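Data first, discussion second: the structure below is written as structure tokens.
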Amino acid sequence: MSERQTFSYLSQTFQAAGIEPKTKYGQNFLIDLNILDVITRGAQLRADDVILEIGTGMGSLTKKMAPHVAHVITVEIDRDLQVLAARELEANPNVTMLTFDVLRNKNHLRDEVMETVCAKLAQFPNSKFKLVSNLPYNVATPIISNLLSVSPRPERMVVTIQKELADRIVAPPSCKDYSALSIWMQALCDCEILRTLPPSVFWPRPRVDSAIIRVKPNEAKRSRIQDLNYFHTTLRALFFHRRKFLRSQVFTATQDNLTKPQVDEILLKLGHKENMRAEELTVEQIIDLIEATRIASQGHKPLES
Ligand code: SAM
């Protein structure tokens, strides 16, 4: 039971079942129950929410959320844990447990995940879809980025991840953590760290600090980008050689499509000095820059209406 997910309860239950936490699956269980409150408060649970949880574990977060929402779909890769969690959750009829790897491959969620979410959303009209999870750290990035391209997108994601990853997601310009990932996430979503967590709130203790992050996809932000694929590819290419100057970064990222004079014209019109670096530009400036290269590479005159 969630109120019992303490170190002694977990270790005794594991011992009785003859199992141990599996590092390869990122099995670090929350044993500070106040943290579950921080997660659920950040999720602003509502009676008509359809929640996706990735990483059921022993079902403590699942059990805390279930009474407050329409339905929880929870996915767990480890059959041993699924058996224990099923026992914990048997009194919760509004929980669907799925037992498989949530990822078909790095770039795709398993189809059954969104099929199950869509079926539940259809069952509860006006419901909101949210991801609320203490995520397995080794697959946190593909899970978050895959959920930005599914339909429907989650209204929000409130997840526990490595602090290092959270810092990269929310990093501002000119900071060492500011990267293609920061810009990609901030260009599409409102991202906020709700709480940083020391290793001591988990059993077993992870070697790194963690953070609870809230990511809210923002359709107005997303609509500024005309071609998401082009934006993503060019963004990654821009940051591939971090220490190069902007002119060279833009030319390398667009060299199949643009000439050096075209790149110079774009930088001049946007008012960027050649000796700047991409990491000094704000998210909005990067969006404008990549959009200008996209228009120019289509044969239009850049930045002229
Ligand atoms: N929700 C529990 C809690 O807060 O105590 C457990 C969280 S633990 C950090 C992550 C869970 O994700 C583990 O139970 C692990 O077995 C599961 N997991 C790891 N990789 C997974 C994957 N690819 N698909 C589904 N579940 C996975």
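For the sequence shown, our numbering assigns the number 12 to the initial residue and increments by one for each residue that follows.
A virtual CB, placed ideally from N, CA and C, is assigned to each residue, including glycine.
If you're wondering where the values come from, they're calculated on a predicted model, not measured in any experiment.
Any non-hydrogen atom of the ligand SAM within 7 Å of residue i CB
i: residue 108; result: no
i: residue 125; result: no
i: residue 71; result: yes
i: residue 25; result: no
i: residue 128; result: no
i: residue 112; result: yes
i: residue 89; result: yes
i: residue 38; result: yes
i: residue 306; result: no
i: residue 347; result: Outside the shown range of the chain (12 to 316) lies residue 347, about which nothing can therefore be said.
i: residue 53; result: no
i: residue 145; result: yes
i: residue 176; result: no
i: residue 158; result: no
i: residue 92; result: yes
i: residue 150; result: yes
i: residue 49; result: no
i: residue 310; result: no
Under the three-state DSSP convention, the category residue i falls into
i: residue 178; result: helix
i: residue 40; result: strand
i: residue 31; result: coil
i: residue 309; result: coil
i: residue 26; result: helix
i: residue 17; result: coil
i: residue 304; result: helix
i: residue 208; result: strand
i: residue 114; result: strand
i: residue 194; result: helix
i: residue 12; result: Note that residue 12 scores a pLDDT of 45, beneath 50, so its modelled location is shaky; the value from the coordinates is reported in the next line. In this structure, residue 12 counts as coil in the three-state DSSP scheme.
i: residue 85; result: strand
i: residue 296; result: helix
i: residue 63; result: strand
i: residue 79; result: helix
i: residue 99; result: helix
i: residue 188; result: coil
i: residue 149; result: helix
Pick from the options that is closest to residue i, judged by C-alpha positions
i: residue 103; options: 278, 30, 80, 179; result: 80
i: residue 213; options: 32, 24, 40; result: 40
i: residue 241; options: 298, 49, 118, 34; result: 298
i: residue 174; options: 279, 264, 47, 152; result: 152
i: residue 119; options: 132, 133, 154, 304; result: 154
i: residue 206; options: 135, 273, 45; result: 45
i: residue 20; options: 245, 215, 36, 285; result: 215
i: residue 234; options: 199, 210, 61, 51; result: 199
i: residue 280; options: 270, 99, 300; result: 300
i: residue 60; options: 83, 27, 92; result: 83
i: residue 228; options: 219, 203, 114; result: 203
i: residue 135; options: 266, 98, 58; result: 58
i: residue 125; options: 112, 90, 162, 156; result: 162
i: residue 51; options: 43, 275, 31, 72; result: 72
i: residue 78; options: 56, 194, 250, 33; result: 56
i: residue 54; options: 282, 69, 75, 273; result: 75
i: residue 307; options: 268, 295, 140; result: 268
i: residue 24; options: 248, 184, 95; result: 95
i: residue 42; options: 230, 158, 211; result: 211
Endpoints, alpha helix (DSSP H) assigned at residue i
i: residue 272; result: 271 to 281
i: residue 240; result: 239 to 249
i: residue 227; result: That residue, residue 227, is in no alpha helix (DSSP H); its beta strand (DSSP E) goes 221 to 228.
i: residue 141; result: Counting along the chain, residue 141 falls outside any alpha helix (DSSP H), though it belongs to the beta strand (DSSP E) covering 140 to 145.
i: residue 264; result: 257 to 265
Range of the contiguous beta strand (DSSP E) that encloses residue i
i: residue 108; result: 106 to 110
i: residue 124; result: Not the beta strand (DSSP E): residue 124 falls in the alpha helix (DSSP H), residues 122 to 134.
i: residue 288; result: Looking at the DSSP string, residue 288 is not in any beta strand (DSSP E), and its letter there is neither H nor E.
i: residue 167; result: 167 to 173
Problem set entry | Touching by the beta-carbon criterion (3+ pairs, under 8 Å), the segment 289 to 296 and the segment 239 to 258 | Yes, the segment 289 to 296 is in contact with the segment 239 to 258.
Exercise. Is the segment 162 to 177 touching the segment 216 to 236, taking contact as three or more C-beta pairs under 8 Å?
Worked result: With the cut-off at 8 Å, the segment 162 to 177 and the segment 216 to 236 touch.
Exercise. Three or more C-beta pairs closer than 8 Å, one from the segment 101 to 115 and one from the segment 31 to 39: is that the case here?
Worked result: No: the two stretches stay apart, fewer than three of their Cβ pairs being nearer than 8 Å.
Problem set entry | Sufficient close CB pairs (3 or more, under 8 Å) joining the segment 56 to 66 to the segment 135 to 150 | Here the segment 56 to 66 lies against the segment 135 to 150, with 3 or more beta-carbon pairs under 8 Å apart.
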